[in-house]
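Here's the structure, in structure tokens; my notes come after.
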Amino acid sequence: MSEIDIPSIKQRLWHRMRGDLTSLVPYFSDNDLLLCPTCFRRLGFEDFSVEHIIPKQALACDPPEARLAIPQNERSGLTLLCRRPLIIKNRKIPGNGCNSWKGKYYDPSIREFIQSDLNETIISTRHQISLFSVGYLALFREFGYQISLLTSGLLMRSQYFNPNSFVKNIPVTSQIILAGEKISNYSENERNYWSDPFKITVNENSAQIVMRNACFSMPLSRDPRKPLARSLLYVPPKYTFRPDLRTAFD
3 MSEIDIPSIK QRLWHRMRGD LTSLVPYFSD NDLLLCPTCF RRLGFEDFSV
53 EHIIPKQALA CDPPEARLAI PQNERSGLTL LCRRPLIIKN RKIPGNGCNS
103 WKGKYYDPSI REFIQSDLNE TIISTRHQIS LFSVGYLALF REFGYQISLL
153 TSGLLMRSQY FNPNSFVKNI PVTSQIILAG EKISNYSENE RNYWSDPFKI
203 TVNENSAQIV MRNACFSMPL SRDPRKPLAR SLLYVPPKYT FRPDLRTAFD
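Under my numbering, the first residue of the sequence shown is numbered 3, with each subsequent residue one higher.
This is the structure:
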């Protein structure tokens, strides 16, 4: 029997994200481009790379039993982010696009947050914004481009490029982190703690995200669980969807 080529993780993510995007914005059916989930630039396949939402370095201290039982990709959650250099306010940013931006500004704080004893750690604004940015990527991973294309999506994408302070209109409830005792040892009864990186509960105007022993809130301008009316002329506002294609820099 001849060998069967199995698509790479990047290819599988690309095709899944392309299918989701074209279902919401049919314009993209006529090209071979994808919107980067964070900067929203229209880019081709080679301009993307696989990103671990919870950085690999943060998982290095997971107990050996968890590392053996659950693959790293499952413990971190995956998406695609661009690797083309960013240009913000006419200034070229060193590095590989949104992938490097996350690695520089957010991954170290996420690693510290996950690995530290929170009773002895001072939670900084950078920690809060790092979790907020990871929360946005978790929502994108779960619900796709409709999260990014909302008004609240533009707000969350704008925050991604402001690592030092919360931007205007971020709700106070999204600037709070609740944390409990972390689990240090692996057992099958607590497998979900390690295997499912994000537990998401959606309310009308927000989503609560549990990442291991931390819980925080993300703003939503529309409930992503509600169906979209794609062909009716007149529908209630809660079923309409008007994509916002502005980049985070507009």
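Glycine included, each C-beta is placed from N, C-alpha and C at the ideal position. Because the structure is a prediction, the values reported are computed rather than measured.
Quick one: give me the first and last residue of the beta strand (DSSP E) that residue i is part of.
i: Lys201; result: 201-204
i: Glu67; result: Element bounds for Glu67: not the beta strand (DSSP E) but the alpha helix (DSSP H), 66-71.
i: Ser160; result: Taken as a continuous stretch (DSSP letters only), Ser160 belongs to no beta strand (DSSP E), being part of the alpha helix (DSSP H) at 153-162.
i: Leu180; result: 179-181
Are the beta-carbon atoms belonging to residue i and residue j less than 9 Å from one another?
i: Leu157; j: Phe218; result: no
i: Leu222; j: Ser167; result: no
i: Arg143; j: Leu80; result: yes
i: Pro65; j: Asn191; result: no
i: Met220; j: Ser150; result: no
i: Asn194; j: Lys201; result: yes
i: Val212; j: Pro226; result: no
i: Glu76; j: Ser197; result: yes
i: Phe47; j: Asp32; result: no
i: Gly146; j: Ala209; result: no
i: Arg86; j: Leu37; result: no
i: Ala105; j: Pro165; result: Before going further, note that residue 105 is Gly rather than Ala in the sequence given. Taking 9 Å as the Cβ cut-off, Gly105 and Pro165 do not qualify as a contacting pair.
i: Phe115; j: Ile125; result: yes
i: Ile178; j: Gln130; result: yes
What residue range is occupied by the uninterrupted alpha helix (DSSP H) comprising residue i?
i: Ser135; result: 127-145
i: Ser197; result: 193-197
i: Glu122; result: Where Glu122 is concerned, there is no enclosing alpha helix (DSSP H), given that its DSSP letter is neither H nor E.
i: Cys100; result: 99-107
i: Arg224; result: It is not in any alpha helix (DSSP H) - Arg224 carries neither H nor E in the DSSP assignment.
i: Ser10; result: Segment: none, Ser10 is in no alpha helix (DSSP H) and carries neither H nor E.
Who pairs with residue i in a beta bridge, going by DSSP?
i: Leu37; result: Arg44
i: His54; result: Leu80
i: Ser219; result: Gln210
i: Ile90; result: Arg93
Rounded to whole angstroms, how far is the Cβ of residue i from the Cβ of residue j, which I believe are closer than 8 Å?
i: Leu139; j: Ile55; result: 5 Å
i: Arg18; j: Gln59; result: Actually they do not touch by this definition, with Cβ atoms about 26 Å apart.
i: Pro199; j: Ser78; result: 6 Å
Take residue i and list the residues in its own chain whose beta-carbon comes closer than 6 Å to its own, dropping the five residues that flank it on each side.
i: Tyr108; result: Ser132, Ser135
i: Gly97; result: none
i: Leu82; result: Leu15, Phe50
i: Leu152; result: Ser223, Arg224
i: Cys100; result: Cys38, Thr40, Cys41, Leu83, Cys84
Might you give, ordered along the chain, the residues of its own chain that have their beta carbon closer than 8 Å to the beta carbon of residue i, omitting 5 neighbours on each side?
i: Ala250; result: Thr40, Cys41, Phe42, Leu156, Arg159, Ser160, Tyr162, Phe163
i: Trp103; result: Thr40, Leu88, Ile95, Gly97, Tyr162, Phe163
i: Asp246; result: Leu151, Leu152, Thr153, Gly155, Leu156
i: Gly21; result: none
i: Met3; result: Note that Met3 scores a pLDDT of 40, beneath 50, so its modelled location is shaky; the value from the coordinates is reported in the next line. Cβ neighbours of Met3 beyond the five flanking positions: none.
i: Ile90; result: Phe163, Phe251
Leaving out five residues on either side along the sequence, give the residues of the same chain with a beta carbon under 7 Å from the beta carbon of residue i.
i: Cys63; result: Gln117
i: Asn171; result: Leu157
i: Asp119; result: none
i: Glu206; result: Asp225
i: Leu70; result: none
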